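These notes are about the structure you will find just below.
Number of protein chains: 2
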Amino acid sequence: MTAIPDFSAVQAMDEADVLRAYRDRFVLPDGLIYLNGNSLGVAPKAAFTHLETAVTQEWGQDLIRSWNIAGWFDLPVTLGDRIGRLIGAAPGQTVVCDTTSINIYKALHAALALRPDRSVIVAEGDSFPTDIYVAEGVLSTRPGLSLRLEGVDAPSIQDLIDDKVAVILVNQVNYKSGELRDMAALTRKAHQHGALVVWDLCHTAGAMPVDLDGANVDLAVGCTYKYLNGGPGAPAFIYAATRHLGAINQPLSGWWGHARPFAFEKHYAAGGGIRRFLCGTQPILSMRALKGALDVWDDVDLVALRKKSLGLTDLFIALVEEKCAGHGLELETPRDHALRGSQVSFRHPHAYEIMQAAIARGVIGDFRAPSTIRFGFTPLYIGYADVWKAADILSDILATGAWKDARFAVRAAVT
Amino acid sequence: MTAIPDFSAVQAMDEADVLRAYRDRFVLPDGLIYLNGNSLGVAPKAAFTHLETAVTQEWGQDLIRSWNIAGWFDLPVTLGDRIGRLIGAAPGQTVVCDTTSINIYKALHAALALRPDRSVIVAEGDSFPTDIYVAEGVLSTRPGLSLRLEGVDAPSIQDLIDDKVAVILVNQVNYKSGELRDMAALTRKAHQHGALVVWDLCHTAGAMPVDLDGANVDLAVGCTYKYLNGGPGAPAFIYAATRHLGAINQPLSGWWGHARPFAFEKHYAAGGGIRRFLCGTQPILSMRALKGALDVWDDVDLVALRKKSLGLTDLFIALVEEKCAGHGLELETPRDHALRGSQVSFRHPHAYEIMQAAIARGVIGDFRAPSTIRFGFTPLYIGYADVWKAADILSDILATGAWKDARFAVRAAVT
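Protein chains in written order, with numbering that gives the first Met the number 0: chain A, 0 to 414; chain B, 0 to 414.
Here it is as structure tokens:
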């Protein structure tokens, strides 16, 4: 390993950073090194100003007329297309609505309707659990389907794909390890067997360039409150490739997905294109904050973003392995750039206590059961100096045994 | 009919109104008479202040820690219980989440799981269409079920109930006519046949006292952005009676409904009580505005609210029938108090143009296809003088034929 840089060297890296100016567009709390943007992104200043307009003018003054004059009715598709640019989706294939969990439900049903003669759903045993839970929900009302899990029914998802498989639900980056899958290769393999793939982009949208159209992806979902900084619980998105849109059927058939939502017809008729994934009335205030958050993204160079992301995670890995050597941290995230998302995870038997001690020192990452500490690196607002300081504080906590303080073992309701 | 009051008489009615002080707690745009609170309620000032705190402090500064310290994680149940007081639901039976459409989907599946040997869903042919559309969505993935519609398969819903019926989905107040159903009687009749009832409270929650527990209701849903003033697209609610909670199963089984959401278990296990209706991550900013909106409600006398609602609608009917006589308006809303919600609808062959002309004069109601003009009366912020002025403007539009101006016939994308 090459020698790790000193603090003045990382300051020089920040000065040379082509994305450095974006940092000023976010609210960064004093005294915090926030490495948890993979859970909840910080607030873009534009989200505040948009929300101010949305509540004082659009809701407060214009009221119901804002469905037209403020464009509320089209927000799901206008915001969908703006996210589309970040995930390699040409316009008309992405819509913002509901939650990731509910969009997974729609996507799985849509895939099953496209493959009516097939009966198997494949998912990952170590995915963020909601993916499995929702797949189980789909199975619960449709007899004759079955679920195969990677890590349970076979070590690799590749070995679970055969001609009975209707759909594979898979994360592009694993929420815990940060491992990145090869989207194009897995999609190709699925298609060779006639199966469809639903990609969960929760940990890649806004973290790196994604190329849904280029990889010939069928369906995808993702959230907007992590790397896209849309606000807590901001509405999710769902994508379907143009070639599938005419045949999409999903059972959450509410008024907003109807072909003629204001004709008040007595029977459902799915709307054209991607709008058929819409169901009920969306949370407009949360949607308006997201609209502001997306203003930041319109001119971001995603290649530079990915380069910086790898620079930040490379630096963190090098610094932690050097400064924390001998304290039992085990790198869980792949070293290979081709396999890494925008986070770094370590395993440790006392992961929970170590993370609580780090949080108490102003380094915000998170703990994932049973033994992972996880740090997310959001290239638009995290700098190399932040990485250096975080590693320094972590090494101090380990060297001094500060994490052994009894208060760090007390678990909060939400971790 | 008794003589209609003059303007000084209605001003005296406002002065004597025990709910008058609530008006100051809302943002009421200058120059508007807003009779559309049954579509989107006006903004409570407290919603603004809550949202300000939520974005600047909770999201902006405290970030991920707000799930604990700001109580984000418990918002669905704490807000659910506050709505519970308004709908006659003892604590622990109501949760705020997702959209009305999606909650109907959950409620229907839950009812079907409670009545596994039955195959029929009953709904209203003239309900707000999303109710039917969602019922059709449930049917689309579950072969062997059928849907009976009031007004299509029989004139009255009472005639559709037999021992094959699993669940009846019905609105307490019809969105178009404003007709109120007898909740206790219909629920009793359903139970006599072993069927369950899902009540849609979109047009009664916050408009009048509702007594879910007293009427022995099984399940209910409703929205929070109409009479509850929670903000555009604010999250909806769902209720299940305590006696059903242990056996509730619904297929939107996401992480937030899990018994141990932070244990990251590989299989779904439904959480205890009403939390099992939760699915994915909720739009917290919209939820926080709703929390502020509910502050207004904590001490509202619902009996006084209902009395004023009937006073407002009685007055509007009397004024319009007197002042607009001979211009072809036909009252669609029942005169009988026992059958009336908090809105008044009239039919007219040129309903669309008349409503556009009224809106241009600052009287905001809405049009519902094919020929209804609809006015909602929100007792907390509408006064008798508003009613008088609205009727006066409407009569002027009809008397002068102002609605015949060609610009009023141009239909907007959203009506």
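Every residue gets a Cβ at the ideal spot worked out from N, C-alpha and C, and that includes glycine. Note that the structure is predicted; figures quoted are calculated from it, not measured.
Integer-rounded CB distance, given that residue j should sit under 8 angstroms from residue i
i      : j      : result
B:Y383 : B:L314 : 6 angstroms
A:T48  : A:G271 : Not quite, the Cβ-Cβ distance comes to about 34 angstroms (not below 8 angstroms), so this is no contact.
B:L146 : B:A109 : About 17 angstroms; that fails the 8 angstroms criterion.
B:F374 : B:V343 : 5 angstroms
B:G87  : B:G213 : 6 angstroms
B:T140 : A:R141 : 6 angstroms
B:R242 : B:G256 : The Cβ separation is near 20 angstroms, so there is no contact.
A:L113 : A:L195 : 6 angstroms
Interface partners of residue i on chain B, CB under 7 angstroms
i      : result
A:T132 : Sequence inspection shows Tyr at residue 132 of chain A; the Thr mentioned does not correspond to that position. Per Cβ cutoff of 7 angstroms: S252, G253, W254, H257 and Y267.
A:S285 : P282, L284 and S285
A:G124 : K265
Short Cβ contact (8 angstroms threshold) for residue i with residue j
i      : j      : result
B:G232 : B:L200 : no
A:A239 : A:I247 : yes
B:V197 : B:A268 : no
B:I63  : A:S38  : yes
A:L379 : A:Y21  : yes
A:D97  : A:P234 : yes
A:A401 : A:A350 : no
B:L397 : B:C323 : yes
B:P43  : B:F25  : yes
B:G91  : B:D125 : no
B:S285 : B:G230 : yes
B:T203 : B:G340 : yes
A:T377 : A:L289 : no
B:Y174 : A:L251 : no
B:R443 : B:P208 : The shown model of chain B, from 0 to 414, leaves out residue 443 of chain B, and the question about it has no answer.
A:G40  : A:K188 : no
A:V169 : A:R180 : yes
A:G177 : A:T332 : yes
B:A45  : B:V295 : yes
A:G279 : B:S100 : yes
B:L144 : B:I120 : yes
B:I283 : B:W71  : yes
Residue i CB to nearest heavy atom of the ligand SAH below 7 angstroms
i     : result
A:V26 : The ligand SAH is absent from the structure shown, which contains no ligand whatsoever.
Residue i: contacting residues in chain B (beta-carbon distance under 8 angstroms)
i      : result
A:R141 : T140 and R141
A:I101 : D97, I101, L251, G253, C278 and G279
A:S38  : I63
A:A288 : V54 and L284
Per-residue contacts from residue i into chain A (C-beta, under 8 angstroms)
i      : result
B:V137 : P250
B:T48  : Within 8 angstroms Cβ-Cβ: nothing; B:T48 doesn't reach chain A, min ~10 angstroms.
Residues that residue i contacts on chain A, provided the C-beta gap is smaller than 7 angstroms
i      : result
B:W71  : P231
B:T129 : G253, W254 and G279
B:H474 : The structure shown does not extend to residue 474 of chain B, since chain B is modelled only from 0 through 414, so no value can be given for it.
B:P234 : P282
B:V54  : A42, F47 and L50
B:Y104 : L251
One or two residues paired with residue i in a DSSP bridge
i      : result
A:I120 : A:L146 and A:V166
A:L330 : A:F345
A:D365 : A:R373
A:I32  : A:V362
A:A408 : None, per the DSSP bridge assignment.
B:P154 : In DSSP, B:P154 forms no bridge with anything.
B:A269 : B:H257
A:F25  : A:P43
B:R81  : Its beta-bridge partners do not exist; DSSP assigns none.
A:R339 : A:E178
Neighbour list for residue i in chain A, Cβ cutoff strictly below 9 angstroms
i      : result
B:G59  : V26, P28, V41, A42 and F47
B:I363 : L62, I63 and R64
Closer than 9 angstroms at the beta carbon, the chain B residues around residue i
i      : result
A:N476 : There is simply no residue 476 of chain A to check, as chain A begins at 0 and stops at 414 in what is shown.
Practice problem: Return the chain-ordered ranges of every beta strand (DSSP E) run that is complete within the segment 157-245 of chain A and spans a minimum of 3 residues. | Solution: 164-170, 195-199, 218-221 and 236-239
Quiz item: Quick one: complete alpha helix (DSSP H) runs, 4+ long, within the segment 83-134 of chain B?
Solution: As far as the segment 83-134 of chain B is concerned, its whole alpha helix (DSSP H) runs of at least 4 residues are 99-113.
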